[in-house]
Amino acid sequence: MGCTLVIDTSFGSTVGIVGREPIVETDSRTHVEKLQVNIARAVEEAGLAPADLDEIVVGIGPAPFTGLRAGIVAAKALAFATGAKLIGQNVLDPQGEMMSNVMEGHRLFDGIGFLEHVPRPATRPAGADAKTRTTTMTKSTAVPDETEEREVGRHVTLCVNDARRKQLYFSLNHGSISLPDEDAAERRWIGMDIDYPEHIVERVNAALAEHGERDGVDYIVDVAGHGAAKYASVWQGLRALGSVVDGSVLDAGKAGLAAFAATALSRELRGDRTVPVEPLYLRRPDAEVPNPLKHVLGHTGADKA
């Protein structure tokens, strides 16, 4: 990974150079106004010039209209001016990567408060004899044994982002999807969409029933992302509810910034299908181009000169 700048405006704004703490704006009323200033500040505080950037990873949603396009436009302009490679990344997949990372016992997100309650493998040193291994999931961090790996394999992540209007953007992933496209597709149980939380529960339960019957596994759903806590009572309708994490990978400081960029850059390294750097709205805009006026008495309109 070279010098990588991350820009995301899917929920407030996050700007940062990978390896350093990001600049985060949570006020949706001002984050667009501060975006250019924060980009310049992030680059300068890293001791860099814009020309030093190798890659720019930009969040492409799904997110509401307000603000999302501003981040993408800024990233495109900067990439054009500097020659940096521009890479788009949806904001839902990294949520699943974050949850898998934590439950598999990796230490990247140690000390992140909103993840403290997510279960981790029981403490044991790498290479410990199988007879001495603890087989319950705890909040400690270690290498999982075979039983723990099966327990981790029962977990699927409902990745969400607040879509406002009592709706959520969401996807349902089983484990890490940092895999070639065909393999990743098998782990996407529900692709990115927008819906009301009650409908999401129905759709997730249907997916759990289908995969559970096929695999002989009682799957557990963890919910992660902005808006997760807002609908905590609704998640009680899930067949088996695990952790509810009301936070994004980009709320996890420089660790989250690195994870977000790594999800995007890993696609490039694998040579997967290129993701268009265009906003994912998943919802029709409020303002639409009106249909042409109906012809009156067969009149077809004036011919252009």
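Counting from 1, one number per residue, gives the positions in the sequence shown under full-length UniProt numbering. Positions of the beta carbon are idealized from the N, C-alpha and C atoms, including for glycine.
DSSP, reduced to helix, strand and coil, places T4 within a strand of the structure shown. Under DSSP, D193 forms a beta bridge with F170. Going by C-alpha positions, G227 is about 33 Å away from D54. Approximately 15 Å separates the beta-carbon atoms of Y196 and P62; this is outside 8 Å, ruling out the contact. Contact between A70 and L48 fails: their C-beta atoms lie close to 22 Å from each other, not under 8 Å.
A residue is called buried once 16 or more other Cβ atoms fall within 10 Å of its Cβ, and S266, having fewer, is exposed.
Counted as a single uninterrupted DSSP element, the beta strand (DSSP E) harbouring L86 occupies residues K85 to Q89. Distance from the CA of R165 to the CA of I194, rounded to the nearest whole angstrom, comes to 11 Å. Taken in chain order, the complete beta strand (DSSP E) segments of 3 residues or longer contained in the stretch 205 to 237 are 220 to 225. Around the beta carbon of V217, fewer than 16 other beta carbons lie within 10 angstroms, which makes this residue exposed. With a threshold of 16 other beta carbon atoms within 10 Å, G2 falls short and is exposed. Note: I17 is bridge-paired with L5 in the DSSP secondary-structure output. Taking all protein chains shown into account, Q95 has 16 or more neighbouring C-beta atoms within 10 Å of its C-beta and is therefore buried.
Each of M99, G105 and G88 was checked against the Cα of V249, and the nearest Cα belongs to M99.
Less than 7 Å separates the beta-carbon of A46 from that of R20. Taking the Cβ atoms as the reference, I112 lies roughly 5 Å from A252, within the contact range of under 8 Å. Nearest in C-alpha terms to V73, of all of N173, R283 and E278, is E278. DSSP, read as helix, strand or coil, puts V57 in strand.
Taking the CA atoms as reference points, M103 sits about 21 Å from D215.
In the DSSP assignment, the residues bridged to D162 are L168. In the DSSP assignment, L269 falls within the unbroken alpha helix (DSSP H) covering G253 to R270.
Linking C159 to I60 through their CA atoms gives a straight-line distance of about 15 Å.
Judged by DSSP in its simplified three-state form, H155 adopts strand. Around G16, the same chain offers L5, V6, P22, I23, A42, K254 and L257 as residues with beta carbons nearer than 8 Å, after the five sequence neighbours per side are excluded.
Linking E202 to L78 through their CA atoms gives a straight-line distance of about 42 Å. The Cβ atoms of G88 and V118 lie no closer than 7 Å to each other.
The beta carbons of A229 and D246 sit about 4 Å from each other, so the pair counts as a contact at 8 Å.
Apart from the 5 residues on each side of it in sequence, R283 sits with its Cβ closer than 6 Å to the Cβ of I194 in its chain, given in chain order.
For I39, no beta strand (DSSP E) segment is defined; the enclosing uninterrupted segment is the alpha helix (DSSP H) at H31 to E45. Sequence-distant Cβ neighbours of E148 in its own chain, meaning closer than 6 Å and more than five residues away, are P121.
Judged by beta-carbon spacing, A184 lies beyond the 7 Å limit of I190, meaning their Cβ atoms are not closer than that value.
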